[in-house]
Amino acid sequence: MVSRGAAPRDVPCLPQVWADGSTDQSVVVEVMEHSSEVADSQAAEFFFRDMAVANEATSSQLEGVTALSEGLMEGLMLGSAHCWVIGA
713 MVSRGAAPRD
723 VPCLPQVWAD
733 GSTDQSVVVE
743 VMEHSSEVAD
753 SQAAEFFFRD
763 MAVANEATSS
773 QLEGVTALSE
783 GLMEGLMLGS
793 AHCWVIGA
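So the number in our numbering is just where the residue sits in the sequence shown, counting from 1, plus 712.
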């Protein structure tokens with residue numbers, strides 16, 4: 713975790729994945745590098761769709777996006793967007 717006031721550092725491309733083979737469901741946690749080309753309010757949808765294309769998904773459906781309050785994300789850099797995306 714990055715402490716408040718810490719200097720920015722490179723974001724590794726190391727998603728965390730938890731999968732349940734019996735239900736064919738998974739949870740993927742991915743830290744994405746901010747893109748100045750995408751507004752914070754559109755970042756979740758942009759990266760969800762970008763990952764679907766990059767992984768050659770045959771279909772994808774964005775079911776919901778929830779912005780997370782700063783209090784829930786204590787320790788992450790201020791000024792960055794934090795959200796929870798649900799999709800299939």
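We treat Cβ as the ideally placed atom computed from N, Cα and C, and that holds for glycine.
Next item on the list: Using beta-carbon positions only, say whether V797 and A756 come within less than 8 Å of one another.
Entry: As a first step, residue 797 must be located in the sequence shown, where it is residue number 85. As a first step, residue 756 must be located in the sequence shown, where it is residue number 44. Yes, the pair counts as a contact, with Cβ atoms nearer than the cut-off.
Report, in whole angstroms, the separation of the C-beta atoms of P727 and V741, which I expect to be a contact under 8 Å. Position 15 of the sequence shown, counted from the start, is the residue given in the question as residue 727. Position 29 of the sequence shown, counted from the start, is the residue given in the question as residue 741. P727 to V741, Cβ: 7 Å. Contact.
Bounding residues of the alpha helix (DSSP H) (the contiguous stretch that carries E757):
Taking the sequence shown and counting its residues from 1, the one referred to as residue 757 is at position 45. Looking at the DSSP string, the run of the alpha helix (DSSP H) that includes E757 is 752-766.
When the distance is taken between beta carbons, is G799 closer than 8 Å to E771? Within the sequence shown, the letter at position 59 stands for residue 771. Within the sequence shown, the letter at position 87 stands for residue 799. In the sequence as displayed, the identity of residue 771 is Ser instead of Glu. With respect to G799, S771 sits apart: the two C-beta atoms are not nearer than 8 Å.
* Asked: By how many angstroms is the C-alpha of F758 removed from the C-alpha of A704?
  -> In the structure as shown, the chain starts at 713 and stops at 800, and residue 704 therefore has no counterpart that could be examined.
**Report entry** Boundaries of the beta strand (DSSP E) in which Q728 is found, first to last residue
**Finding:** The residue given as residue 728 occupies position 16 in the sequence shown. According to the DSSP assignment, Q728 belongs to the beta strand (DSSP E) that extends over 728-732.
- Cβ separation of L774 and H794, assumed to be a contact under 8 Å, to the nearest whole Å: Stepping through the sequence shown from its first residue, residue 774 is reached at position 62. Stepping through the sequence shown from its first residue, residue 794 is reached at position 82. Contact doesn't hold; Cβ gap of about 17 Å is too wide.
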